[in-house]
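Participant: Encoded as C-alpha cells, here's the structure I'll be asking about.
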Amino acid sequence: MTTSRVAIVGGSGRMGSWFSQYFKDKKYSVVLSARNREKLIAAAKKLGVSYAENNVEAVKNADLVMVSVPISSTVSIIKEIAPFLNPKTILFDIASVKGDIPKTLEEQSLKYGFKAVSVHPMFGPGATSLKGHTVAIIPIPGSEDAAAKLEQLFSDDGARVVVTDGKTHDRMISVVLGLPHFLNILFGAALLEVPEAISQIREFSGTTFELQLLLAECVFGEDPELYSEIQMVNKDFVNFLGKLEKVFSDLKKTIEQNNEVVFFKNFERVREKLAQDTKYASAYNNLYKIIKILKNG
7 MTTSRVAIVG GSGRMGSWFS QYFKDKKYSV VLSARNREKL IAAAKKLGVS YAENNVEAVK
67 NADLVMVSVP ISSTVSIIKE IAPFLNPKTI LFDIASVKGD IPKTLEEQSL KYGFKAVSVH
127 PMFGPGATSL KGHTVAIIPI PGSEDAAAKL EQLFSDDGAR VVVTDGKTHD RMISVVLGLP
187 HFLNILFGAA LLEVPEAISQ IREFSGTTFE LQLLLAECVF GEDPELYSEI QMVNKDFVNF
247 LGKLEKVFSD LKKTIEQNNE VVFFKNFERV REKLAQDTKY ASAYNNLYKI IKILKNG
C-alpha cells in the first residue's frame, strides 16, 4: 500500500497517538488534528509529527484519513471532513460501536467520491504492535478495494483480520466488550460496599480475586467516556441487559433457596457451552501461568 500522507482526526487521544506512531514507524508523513489545541500540540511534539489547526486542513491532500474520536462524535466528524477528501483518499474510523457509521461512510463516500472503510482495532494503546491482535474490518459498498488494502496492511504486520458487517460487529461487541466491561464495572462498584481497604482485602485473596481485581483496575484506569459509550450507545448491549438481568435474578433465587439441583443443572449447561472452546481444557493451567507471570513481573 503506497500511502504517503496520513491524517489522524483525534490524534491527541491514546489510540490516535498509537496509530500516529504506527504510521510514522512505517515512514508515512503524519498530520494530527484535535479539538483541544494544547493537547494536540503536545502530542505532535512528543510523537515528532506535524499538526493542523483544524480537521479540514488536516485531511486536505491526505491519502489516508483516520477518525479517532468519541463514538458519539464520529458521524458528525465524517460529515464535516467528507467534502474535502480527494478521490484517492481512504477514510476509515476506529469506533468501538458502529451503529450508523457504516451507513454514513457509504453515503458520504458515494456523494464525494472517496473510498471508505470502517475499522475496529480490538486492542488498547498498551499494545506494542499489531502482531497477534485482532482488527475487525467492515467493507463499505463501493469501496471494497480500500477494505482489501487495509486488510493487507494490517495482516502484513501480524494482525488477525476479521471481515464482518456493521450489525454483526455490534452484536458481537455487546458480548466481547460490553459484557466484560459491565461485569468489571459491577465488580468494582460492589467493592464500594466492602468497608475494608483493597490492601486489607488482598491479604485474604486467592488467584480468582487477584485476576478479577486486575481486570477491574484496568477498566477503571481507562477513559470513562469511552466505557460509557460502549455500554450506552450499543443498542445490542442495552437489549442484552434484559437477558443478563434475568440470569442474575434466576441465580440469586437459586442461591437464596439453597437449590443445589438447579444450581448443578445450570452449572453443567454453562460448562457444556464453555467446553466448545478449544482452549477450555487448558484453562486451569493457563490461569496459573498468568499468575506466575504477574508474581514475577
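Under our numbering, the very last position in the sequence shown is 303; numbers go up by exactly one each time. No residue lacks a Cβ here, since even glycine has one placed at the ideal position from N, Cα and C. These numbers were taken from a predicted model, which means no experiment stands behind them.
(1) Closer than 7 Å by C-beta to K94: which residues in its own chain qualify, once you throw out the five before and the five after it? Chain order, please.
(2) Give me, in chain order, the residues of the same chain whose beta-carbon lies closer than 8 Å to that of G19; leave out the 5 immediate sequence neighbours on both sides.
(3) When you compare only the Cα positions, how much space is there between K298 and I179?
(4) Excluding the 5 residues preceding and the 5 following M7 in the sequence, name in chain order all residues of the same chain whose CB lies nearer than 7 Å to its CB.
(5) Bridge partners for L97 per DSSP, in chain order?
(6) Contact between the segment 196 to 206 and the segment 226 to 237: three or more CB pairs below 8 Å?
(7) Does DSSP put Y34 in a helix, a strand or coil?
(8) From the DSSP output, which residues share a beta bridge with I275?
(9) Do you know how far the Cα of A196 is from the Cα of M21?
(10) With DSSP as the reference, label T134 as helix, strand or coil.
(11) Between T170, G119, D162, which has its C-alpha nearest V304's C-alpha?
(12) In angstroms, rounded to a whole number, what distance separates the CA positions of Y294 and L220?
(13) Quick one: residues in its chain with C-beta nearer than 7 Å to the C-beta of H187, no 5 flanking neighbours on either side, listed in chain order?
(14) Apart from the five residues just before and just after N272, which ones in its own chain have a Cβ nearer than 6 Å to its Cβ?
(15) Can you check whether the CB of A165 is closer than 8 Å to the CB of I96?
(16) Could you tell me the distance, in whole angstroms, from the CA atom of D162 to the CA atom of F25?
(17) Is the separation between the beta-carbon of I310 and that of L38 shorter than 8 Å?
(18) In terms of alpha-carbon separation, which member of L250, D229, K45, N92 lies closest to L116?
(19) Mind listing, in chain order, the continuous alpha helix (DSSP H) runs of no fewer than 4 residues lying wholly within the segment 145 to 221?
(20) Leaving out the 5 sequence neighbours to the left and right, which residues in its chain are closer than 7 Å to H175 when beta-carbon positions are compared?
(21) Take the Cβ of D99 as the centre, count every other Cβ of all protein chains shown within 10 Å, and call the residue buried at 16 or more, exposed below.
(22) Determine the closest residue to G138 out of V167, Q114, E113, G148, with distance taken between C-alpha atoms.
(23) Is there contact between the segment 48 to 56 and the segment 26 to 34, where contact requires at least three CB pairs shorter than 8 Å?
(24) Could you check the C-alpha separation between S288 and A281 for me, to the nearest Å?
(25) Using the beta-carbon count (16 or more within 10 Å), is S312 buried or exposed?
(26) Mark L198 as exposed unless 16 or more other C-beta atoms lie within 10 angstroms of its C-beta, in which case mark it buried.
(27) With respect to the beta strand (DSSP E) encompassing V65, which residues constitute its N-terminal and C-terminal limits?
Facilitator: Quick answer:
(1) D69, listed in sequence order.
(2) Excluding sequence neighbours, G19 sits near A40, S74, V75.
(3) Roughly 30 Å between the two C-alpha positions.
(4) Residue placement at M7 cannot be trusted, given a pLDDT of 49 that sits under 50; what the coordinates show is reported in the next sentence. For M7, where only same-chain residues beyond five positions count, the Cβ hits under 7 Å are K155, Q158, L159.
(5) For L97, which the question treats as bridged, DSSP gives the partners V71, A122.
(6) Short answer: they don't touch.
(7) The answer is coil: DSSP assigns Y34 none of H, G, I, E or B.
(8) Per the sequence presented here, residue 275 reads as Arg, with Ile not at that position. Its beta-bridge partners do not exist; DSSP assigns none.
(9) Across the structure, M21 and A196 are spaced so that their CA atoms are roughly 30 Å apart.
(10) Of the three classes helix, strand and coil, the one that applies to T134 here is coil, per DSSP.
(11) Nothing in the structure corresponds to residue 304, since the chain is present only between 7 and 303.
(12) Straight through space, the alpha carbons of L220 and Y294 are spaced by roughly 14 Å.
(13) Excluding positions up to five away in sequence, the list reads V225, Y233, I236, Q237.
(14) Within the same chain, N272 has no close Cβ partners at all.
(15) If you check the CB distance, I96 and A165 do not come in under 8 Å.
(16) Taking the straight line joining both Cα atoms gives about 16 Å.
(17) Past the edges of the chain, shown from 7 to 303, lies residue 310, and the structure says nothing about it.
(18) N92 is the residue among L250, D229, K45, N92 whose C-alpha sits nearest the C-alpha of L116.
(19) Segments of the alpha helix (DSSP H) lying fully in the segment 145 to 221: 150 to 162, 172 to 179, 185 to 197, 204 to 208.
(20) Result list for H175: K104, H126, A142, I144, in chain order.
(21) By the 10 Å Cβ count, D99 comes out buried.
(22) That would be V167, whose Cα lies nearest to the Cα of G138.
(23) With the rule of 3 Cβ pairs closer than 8 Å, the segment 48 to 56 counts as touching the segment 26 to 34.
(24) Taking the straight line from one Cα to the other gives about 11 Å.
(25) What the structure shows of the chain is the stretch from 7 to 303, and residue 312 is not part of that stretch, so it cannot be assessed.
(26) The residue in question, L198, is exposed, as its Cβ has fewer than 16 Cβ neighbours within 10 Å.
(27) Run containing V65: none in the beta strand (DSSP E); it sits in the alpha helix (DSSP H), 61 to 65.
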